[in-house]
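Engineer: Residue 23 is where the sequence shown starts when you use the numbering used here, and the numbers rise one by one after that.
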Amino acid sequence: MASSVALSHDFPFDPAYGYDAPDALLSVPAPPAPDDFDAFWRERYARARAVDPRPVLGPVEEERDGLRVHGVAFTSVGGVRLGGWLALPAEGPVRYGFVV
C-alpha cells in the first residue's frame, strides 16, 4: 500500500511500514484480548501497589528549553529497581505529569 503522505526521514527502512500516515495506521484494529486479560492486569496492578517504591530523585542532569531533567529510580515488583527521567519546569508550577 503506497503512502500518499510523504514522510521525511533518514532511516534505512519505511517507519510507516507501508501504511498511509497517519489515518491508515490508526485504522489498524487492536487484536482481541486474551480471556484472562483483565484478571492478569488487576493482579499485576495489586502486586505493584503493594510494593514500597522507595523513590529517589537524582540531581538535575540537564537543563534546556525551560525544563530541568532529573534521573529518577524506584523499586518495582520482585525488588527490581527501575529508572527513568523526570522533566520539571525550570520555573513555575508543574502542570502536567508523564513517565519517560
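Idealized CB from N, CA, C, for every residue including glycine.
1. Can you name, in chain order, every residue of its own chain whose Cβ lies under 6 angstroms from the Cβ of Met23, other than the five neighbours on each side?
2. Relative to the alpha-carbon of Leu104, which residue among Pro37, Glu113, Asp60, Asp74 has its alpha-carbon at the smallest distance?
3. Could you check which residue in Pro56, Pro54, Ala38, Ala68 has the C-alpha nearest to that of Leu48?
4. Could you check if Leu79 is buried or exposed, using at least 16 other CB atoms within 10 Å of its CB as the buried criterion?
5. Can you give me the start and stop residues for the beta strand (DSSP E) that Ala95 sits inside?
6. Please report how far the alpha carbon of Thr97 lies from the alpha carbon of Gly106, in whole angstroms.
7. Would you identify the three-state DSSP class for Arg69, choosing helix, strand or coil?
8. Have a look at Asp60 and Ala70 and give me their C-alpha separation to the nearest angstrom.
9. Any idea which residues DSSP pairs Arg86 with across the strands?
Structural biologist: With the given structure in hand:
1. Low confidence applies to Met23: its pLDDT is 49, below 50, so where it sits in the model is not reliable, and the reading given next is rough at best. These residues qualify, in order along the chain: Gly40.
2. Asp74
3. Ala38
4. exposed
5. 89-97
6. 12 angstroms
7. Look at Arg69 here: in three-state DSSP terms it is helix.
8. 15 angstroms
9. Leu89
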